[in-house]
Amino acid sequence: MARWSIPLDRFAEQKKDDLRDVVRKITFDVFRRVVLRSPVDTGRFRANWNVTFGAPSYTTSASTEQGRGLNEAAKALTLPVGGVCWLSNGLPYAQRLEYGWSKQAPAGMVRVTVAEFDSIVAAGAQRQ
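Count along the sequence shown from 1, add 3, and you get the number used in the working numbering.
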């Protein structure tokens, strides 16, 4: 007869925690890719990505701080799992950039990343 080194309830809870970590890391990877694909002139567009839980935020900032967008993306690593996590950009020209207005990202950022979603999930699951 097999013996367990830890109780089944503790094992199940650990697996739930592992799954939450995988979901957070995959979400971060998706958001990170969008941010890094964002075209840069002054840096304002890349710095205006917002990560929120439950509802999108279209607030904007005059910030051109390098790394702000990636710091926002990193919020995905700490947000609750089990609801909707949003990545949004409230700048008035965001939609134009997504649809080819910039030569730096003629295919957009979000659409390209969404097309890679299955491979991002597969890679995230294998890393665990």
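Just so you know, even glycine gets a beta-carbon here, dropped at the ideal spot from N, CA and C.
Predicted model, so just to flag it, every value in this text is computed and none were measured.
Candidates Arg49, Val54 and Ser60: closest to Ser66 by CA position: Arg49
Nearest to Val124 (by Cα), restricted to the options Thr30, Gly46, Phe56 and Gln69: Thr30
Environment of Glu75 [buried if 16+ CB atoms lie within 10 Å]: buried
Distance, Glu16 Cα to Leu22 Cα: Cα-Cα distance, rounded: 10 Å.
Euclidean distance between Cα positions of Gly111 and Asp20: 34 Å
Terminal residues of the beta strand (DSSP E) in which Thr55 lies: Thr55 -> beta strand (DSSP E) spans Trp52 to Phe56.
Ser91 - containing beta strand (DSSP E), residue span: Per DSSP, Ser91 belongs to the beta strand (DSSP E) from Cys88 to Asn92.
Three-state secondary structure assigned by DSSP to Gly70: coil
Local Cβ density within 10 Å of Leu100, reported as buried at 16 or more and exposed below that: buried
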